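K.L.:
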Ligand code: MBD
Ligand code: FE
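Residue numbers (UniProt numbering): 1 to 282.
(1) Flag residue 264 as yes if its beta-carbon sits less than 7 Å from any beta-carbon of chain B, otherwise no.
(2) Are residue 153 and residue 193 close, meaning C-beta to C-beta below 7 Å?
(3) Report whether the distance from the Cβ of residue 138 to the nearest heavy atom of the ligand FE is below 6 Å.
(4) Just tell me which of 98, 42, 225, 18 has its CA closest to the CA of residue 144.
(5) Can the beta-carbon of residue 114 be found closer than 7 Å to that of residue 29?
(6) Excluding sequence positions up to five away, which residues of its chain have a Cβ less than 6 Å from the Cβ of residue 222?
(7) How many Å lie between residue 218 and residue 68 at the Cα?
(8) Taking only the alpha-carbon atoms, compute the straight-line gap between residue 162 and residue 233 and give it to the nearest angstrom.
(9) If you pair each beta-carbon of the region 200 to 209 with each one of the region 123 to 135, do three or more pairs fall below 8 Å?
(10) Looking at the unbroken beta strand (DSSP E) that takes in residue 100, where does it start and where does it end?
(11) Under 7 Å between the Cβ atoms of residue 242 and residue 260?
(12) Are residue 186 and residue 230 close, meaning C-beta to C-beta below 7 Å?
(13) Flag residue 289 as yes when its Cβ comes closer than 6 Å to any non-hydrogen atom of the ligand MBD, and as no otherwise.
(14) Would residue 54 be called buried (16 or more neighbouring beta carbons within 10 Å of its own) or exposed?
(15) Using the C-alpha atoms, what's the distance from residue 271 back to residue 79?
(16) Is the beta carbon of residue 43 closer than 7 Å to that of residue 6?
(17) Does the distance between the C-beta of residue 107 and the nearest non-hydrogen atom of the ligand FE fall short of 6 Å?
(18) Helix, strand or coil: how does DSSP classify residue 13 here?
(19) Using a Cβ-Cβ cutoff of less than 6 Å, which residues in the same chain neighbour residue 117 once the five nearest sequence positions on both sides are dropped?
(20) Look at residue 105 and residue 76 and say whether their C-beta atoms are less than 7 Å apart.
(21) Hey, is residue 198 close to the ligand MBD, as in C-beta under 6 Å from one of its heavy atoms?
(22) Are the Cβ atoms of residue 166 and residue 111 separated by less than 7 Å?
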């Protein structure tokens, strides 16, 4: 037997009380948002005839997500991070700010305080025996195309197993995390190792939610960037290595066509030797 009680004055009065509308203290915006959120959820319970068992299993899932600090992991999986980016893109368009590298999501695995270097950094600790050497080089330019010297380029990425330092305890502190200040021509170079894609831990609460939706928790191989300089908008972005099976099937919805880069593989011993192993390009 289904019942509908949401629209009754009793439930509406109850919601008003729960959201603190009849109290002087508290925060007005919080009250408004909580009232809307609770209204939507109460109505959902009515409309879908949610059972008590379903409700408490959802509470248990939220507890599990919180205790394993996985809200930040489920969030991109449910599209919130990308949705916020779509809104920022729309805000930029509205303000007639255009051009430059597109933004994409930060994700939950950034850690502040990475070692800082000028022009060049080696990012890997040399411990990943499966890690294949990767050189990353680029130039920070403003939207008019002028190089930006002294820009801060923060780079972080996974190892050959798809794990990130700090979250993967087998890696050294700040492995594959560096801050590089661009040189006088706005350029930066990093020596690192090719990352593998990331997968949501199997059986974890985030995985439980994705599985219930018939979805996977895989991300293609990617490299995260923050790029910042005084007087310029902060850029949060990523690059994707072309050719990954998940490039356009990313559980976090972070891939953008313009951010997929074709890496060039070199087997040329002379070219490889011409790169200083611990310094910038010769
Ligand atoms: C990642 O490495 C990531 O970048 C995102 C967005 C989500 C989970 C893991
Ligand atoms: Fe990532």
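Beta carbons are placed, not taken as given, at the ideal position from N, Cα and C, and that holds for glycine. Computed from a predicted model, the values in this text were never measured in an experiment.
P.N.:
Checking against the coordinates, here is how it stands:
(1) Going by chain labels, chain B is absent from the structure shown, which holds only one protein chain.
(2) no
(3) Checking the Cβ of residue 138 against the ligand FE gives no.
(4) 98
(5) no
(6) 238, 240
(7) 19 Å
(8) 30 Å
(9) no
(10) Element bounds for residue 100: n/a, residue is neither H nor E.
(11) yes
(12) no
(13) Limits of the chain in this structure are 1 at one end and 282 at the other, which puts residue 289 out of reach.
(14) exposed
(15) 42 Å
(16) yes
(17) yes
(18) Taken through DSSP and simplified to helix, strand or coil, residue 13 comes out as helix.
(19) 180
(20) yes
(21) yes
(22) yes
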